[in-house]
Each structure stands twice: as C-alpha cells, then as structure tokens.
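Mapping of the sequence shown onto the numbering used here: residues 728 to 892, in sequence order.
In this text, a Cβ means the ideal position worked out from N, Cα and C, and glycines have one as well.
Fair warning: this is a prediction, and the values are worked out from it, not measured in the lab.
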Amino acid sequence: MKHTDKLFSYIESRLQASQVTYPWQLRAGQAEDHIDLEVLVDLPGNLPGNLYQDGEGEPVINPDYLRLHIQFDYRALADQDSDSDLIYRLGPLAGQAGFQYGQIDIYLEAVSLLVSQARVQVHDLMNGQGYGLELAWPSHFVNQSLTSRQAIGRYDDRLILEDED
C-alpha cells in the first residue's frame, strides 16, 4: 500500500460526503509524499481582461474557470504559503508524524471558505469593484477551529495511518 493511500481515501470520502458545490479532482503525487486537490471555480465570460493576465500580459488562467491547487504534503509545514497565489501547500501539524483526521476536516472546510472567497471576489469584479483576485489561505480560521475544537473535545487527533484498518 502506498504511503498516501489512506489519506487519499479519507479526503475523497469527506469531499463526497460533504456534497460540495464546486468541481474537484484528487490525485496522488508521483513521489507518494503528497496529494493534490484541484478545485475549479466558475468564471463568467465578461470579467475584466487583466484578471486573465500576469504582469507581463501572459495568460494565467482559463477564462472559463479559476483553478485552485491544494497540496496535502507530508514534507510541508502546516498552512505553509506557496510561491503562487493559487497553490496552497498544507502539511501536518508541528510535532506530528502525519496528518490528523480532525486537521483534514478543518482543512477541507477552509477549502470551501477559499472557494466562497473566490466567488465573492469574482462577483465584485463583475460589479466593477476591485482590480483582481487576492485569495489568501484562511489560516486564522484554521487556527481558531483547531483551538476551539480541541478545547471542547470535538477534534479527532488520531493520525491517518496506513495500518489502522
């Protein structure tokens, strides 16, 4: 069994059970040390042209949808920022050998928050407000959820391990 199989299965089952309102695709990384979640946010066809270009005028997104990449990476730090605005690299909590069930649940809620944030910003652009998308990983939400759930005993701190069936 691959290193990431159990984590992949858990993320997939949580996404299916949550009935999210956005298209998503899950893939295991080639090195078996991460899982990629790709989320698509629909874009209307009449958004400002500068949204589709980088600083040099090169296209950066498909004009039909915004693609967000969330990477669950065993090598990353929790809530690690990435070099790209649309790639979010997430790792286990400090001091943990892997991801915890409760942590993944919170991360997936944060992904939904990120999608909502993107939809609001796209709507604002449609109404002539703003100049582009500025999507930030909701670290504050993640930290607050972690702390409050642990405090009231509603956080599953078990590690997602391959041999626990």
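Whether residue i touches residue j by CB criterion (8 Å)
i	j	result
Y792	D769	yes
D884	Q827	yes
R794	L767	yes
L873	A824	no
Chain B contact for residue i (CB, 8 Å cutoff)
i	result
K733	Of the protein chains in this structure there is only one, and it is not chain B.
Minimum C-alpha distance to residue i - residue among the options
i	options	result
S745	S839, T731, L820	S839
Q844	L862, E739, E836	L862
Q871	L817, Y737, Q830, L753	Q830
I833	F799, L753, A755, V847	F799
Classification of residue i by the beta-carbon crowding that lies within 10 angstroms, buried from 16 upward
i	result
P750	exposed
S875	exposed
L888	exposed
F735	buried
Y815	buried
I879	exposed
Where residue i falls: helix, strand or coil (DSSP)
i	result
D832	helix
F826	coil
Q877	helix
L840	helix
Q871	helix
D781	Reliability of the predicted coordinates at D781 is poor, the pLDDT of 48 falling under 50, and the value obtained from them is presented with this limitation in mind. D781 falls in the coil class under three-state DSSP.
Expected contact under 8 Å - CB spacing of residue i and residue j to nearest Å
i	j	result
P865	A837	5 Å
Heavy atom of the ligand PLP within 7 Å of residue i beta-carbon
i	result
Q757	Questions concerning the ligand PLP fall outside what the structure shown contains, since it holds no ligand whatsoever.
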